[in-house]
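So the structure is just underneath, and the comments pick up after that.
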Amino acid sequence: MIKLTFSIAYALLLARWKQTLVAAIGVTFSITMFIALLGFMNGLNELLDGLVINRTPHISIYNEILPTENQPTDKYFFNENIYNFISSKKPKNELSQIYNSGAIIQTLKSDNRVLGVSPKLTTQVFYNTGTIDISGIINGIDVIAENKLFTFSDYVIKGNSEDLKTVSNSIILGKGAADVLLVDIGDVIQVTSNKGEISQLKVVGIFQSGIKDIDKVQSYTSISTAQKLLGVSNNYITDIQIKLKNLNLAPQIAAEFRSTFNVDAIDIQTANAQYETGSSVRSLISYAVGITLLIVAGFGIYNILNMMIYEKMDTIAILKATGFSGSQVKFIFISIALTIGIFGGILGLLFGFGTSYLIDQIPFNTAALPTIKTYPVSYNPKYYLIGGIFSIVTTYFAGYFPSRKASKVDPVIIIRGK
Amino acid sequence: MNQKVLEAVNISKYFHDPTTVQVLKDINFSLNKGEFVSITGKSGCGKSTLLYILSTMDTDYSGDLLIDGVSMKQKKEKELAFVRNEKIGFVFQFHYLLNEFSVLKNVALPGLNLGKLSQKEVEDKAYEKLKILGIEKEAYKKPNQLSGGQKQRVAIARALINDPIIIMGDEPTGNLDKKNSQIVFDIFKELSEVFNQTLLIVTHDNDFALNTNRIIEMEDGKIL
């Protein structure tokens, strides 16, 4: 029986194949645009997010320089009748070092929610060139961990990031800083630490993050080089950067670390709230455009089916007169609509993939994004799934109302009207 | 013995638009198996209206209709569709063949819908019916390649496909010339005499009516 109704639907579909084709092309076009648009938009989103989020630890552990909470005065002068007014408080005399960092890192590494840990030592320096001092920041890093967790090597545009580990007293300079200092790979620069000690460092690489303010001041050395620069012991680090397996758990885990280790911890969501907002709004816009296209295609199908039903009134009447029920007639027209939707949708997904692929081939060079050579495109299967489902749902509804009308056709009126 | 195939009990019908008019007034009659009956009357006397009520397509009436001894009054749309499919064959003034399908498929469609036989068996049976009507040569043509008389014969074959207990016709010869009308009449006669088929035909062709077993004449919504 179902086979029979399908064969009738098929015959009706072929009888008006040009209209059917136009309807299917409408669906194909809208799905193609939906896929291409979302792929492109989200490729861009992922790129922009990656710019910040890939290089930002999910949780960063550090020691804030603060005045002590229990001031000595309060310790010695206290009872109900005394209230101490302390003016001109100063931070306590301690460095931004994380105490017991080795043990913390060990604990973090064995935590199965943590993807990876990378210690870091950040200090302010002056790059000396001629008589001019330029302020900068040196990050002492574990280059292996940094490459693994934050794809550091992607941003090293000249030289090899691993040289930081193998060449002693080496530095990778930001492109902006290198331009100002007029140095290139192999040159030696002089750096003055904030304690006034002067060191010579060999430039082994130049990096470009795409964010100019960073490239102008930041540079990277190995942790031991940074420790030497500061004249501190080899367990002195200022930050522990953590990547989690699930980014969404960051705020909760950060709070946990804060209390467990008695340190400051900030999560990525708090540190970079604006990026999340930006990308979700962009996705929203592309979904809205894509879905609008599909709804327009849905109206096209609705119109064509409506016309088909008017043309095929006689057919509907005779089918009903010879014993086809209203629901069978409805099924015939819905299956016509769904056939259009499914075929148009599949073609649309294929063309959408093709268009995405084409966009992916277009060269796109920008100084701000050194790792990007072509337009970024996302091939996330999610969009293909949404596109596919939506094409079927839209065509179903586009077919539903005309089909219901067809099922309610009164054969007596049609036949007697002749 | 006389088996009642169809029985109309106090059937009345009103048209409400634009004003309420009673088109059928307490129609009572019954049809026995094998009878060849014609309904005649002037245009507007309600004969077609009656036929569509008897065919179960029109459900807006009072009174009761029994087909094969079963009341149709309480049945749902789907059940009525099934009754039409299984028990009633219909021939209209216009042939209503589907140009998308071959002649054979047109005849087979109601049989396939009934689903009692396999597709092959239904198609063989459809071919048999076409043979009875002498148009088996046209089986694989499309309906729009056939002449008017041939189309009407295909329509009759389609009405016969499920071996209905009754065939209803609404002016089946109305669109045909004398010669083709005669052919169609002869087919009906043969069905009635050879196959003991019950037929109920609405016509205003007096020659046609006079040759049937029984004439039901109507005037102003009543049987005379």
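Quick note, the sequences are listed as chains W and R, same order.
Heads up: the first sequence begins at 1 in our numbering, then just goes up one per residue.
Heads up: the second sequence begins at 1 in our numbering, then just goes up one per residue.
Where is the CB? At the ideal position from N, CA and C, for every residue including glycine.
Quick check on residue i: buried or exposed, where buried means 16 or more other Cβ atoms within 10 Å of its Cβ?
i	result
residue 62(R)	exposed
residue 198(W)	exposed
residue 366(W)	exposed
residue 146(W)	buried
residue 1(R)	With a pLDDT of only 47 at residue 1(R), under the threshold of 50, the placement of this residue in the model should not be trusted, and no figure is reported.
residue 208(W)	buried
residue 213(W)	exposed
residue 329(W)	buried
residue 45(W)	buried
residue 66(W)	exposed
residue 364(W)	exposed
residue 85(W)	exposed
residue 14(R)	exposed
residue 385(W)	exposed
residue 239(W)	buried
Span of the alpha helix (DSSP H) holding residue i?
i	result
residue 250(W)	250 to 261
residue 396(W)	381 to 407
residue 214(R)	Run containing residue 214(R): none in the alpha helix (DSSP H); it sits in the beta strand (DSSP E), 214 to 219.
residue 42(W)	17 to 49
residue 85(R)	77 to 87
residue 113(R)	103 to 114
residue 178(R)	178 to 195
residue 101(W)	101 to 110
residue 269(W)	268 to 271
residue 127(R)	119 to 132
residue 343(W)	326 to 361
residue 76(W)	72 to 76
Cβ closer than 9 Å: which chain W residues qualify as neighbours of residue i?
i	result
residue 143(R)	By Cβ distance, chain W contributes nothing, its closest Cβ being about 11 Å from residue 143(R), past 9 Å.
residue 220(R)	Per Cβ cutoff of 9 Å: no residues; residue 220(R) is ~19 Å from chain W at best.
Does residue i have its Cβ less than 8 Å from a Cβ in chain R?
i	result
residue 23(W)	no
residue 318(W)	yes
residue 415(W)	yes
Go to residue i, then tell me how far its beta strand (DSSP E) extends in each direction, as first and last residue.
i	result
residue 141(W)	132 to 141
residue 40(R)	36 to 41
residue 27(R)	21 to 32
residue 7(R)	4 to 15
residue 312(W)	Run containing residue 312(W): none; DSSP gives neither H nor E here.
residue 173(W)	170 to 174
Using beta carbons (cut-off 8 Å, strictly below), is residue i in contact with chain W?
i	result
residue 101(R)	yes
residue 180(R)	no
residue 196(R)	no
residue 1(R)	Its pLDDT being 47, under 50, residue 1(R) is placed unreliably in this model, and the coordinates cannot settle the point.
residue 48(R)	yes
residue 84(R)	yes
residue 206(R)	no
residue 8(R)	no
residue 81(R)	yes
residue 109(R)	yes
Please check the pair residue i and residue j, which I expect to be a contact at CB under 8 Å, by giving their CB distance rounded to whole angstroms.
i	j	result
residue 398(W)	residue 59(W)	Rounded, the Cβ-Cβ distance is 49 Å, inconsistent with contact.
residue 303(W)	residue 218(W)	Not quite, the Cβ-Cβ distance comes to about 60 Å (not below 8 Å), so this is no contact.
residue 39(R)	residue 47(R)	5 Å
residue 204(W)	residue 163(W)	4 Å
residue 286(W)	residue 33(W)	Not really, about 10 Å apart at Cβ, beyond 8 Å.
residue 127(W)	residue 98(W)	26 Å between Cβ atoms; not a contact.
residue 24(W)	residue 344(W)	4 Å
residue 161(R)	residue 108(R)	7 Å
residue 213(R)	residue 37(R)	6 Å
residue 415(W)	residue 317(W)	6 Å
residue 349(W)	residue 30(W)	So it is not a contact: roughly 12 Å between Cβ atoms.
residue 129(R)	residue 155(R)	With 8 Å as the limit, residue 129(R) and residue 155(R) do not qualify as a contact, their Cβ atoms being about 11 Å apart.
Show which residues of chain W have a CB atom less than 8 Å away from the CB atom of residue i.
i	result
residue 78(R)	325, 326 and 327
residue 158(R)	322
residue 90(R)	321 and 322
So with CB distances below 7 Å, who are the chain R contacts of residue i?
i	result
residue 15(W)	100
residue 501(W)	With chain W running from 1 to 418 in the structure shown, residue 501(W) is simply not present.
residue 4(W)	112 and 113
List the residues of chain R that residue i touches, going by C-beta distances under 8 Å, in chain order.
i	result
residue 412(W)	52, 57 and 58
Name, please, each residue of chain B whose Cβ falls closer than 7 Å to the Cβ of residue i.
i	result
residue 315(W)	The question asks about chain B, but that chain is absent: this structure's protein chains are W and R.
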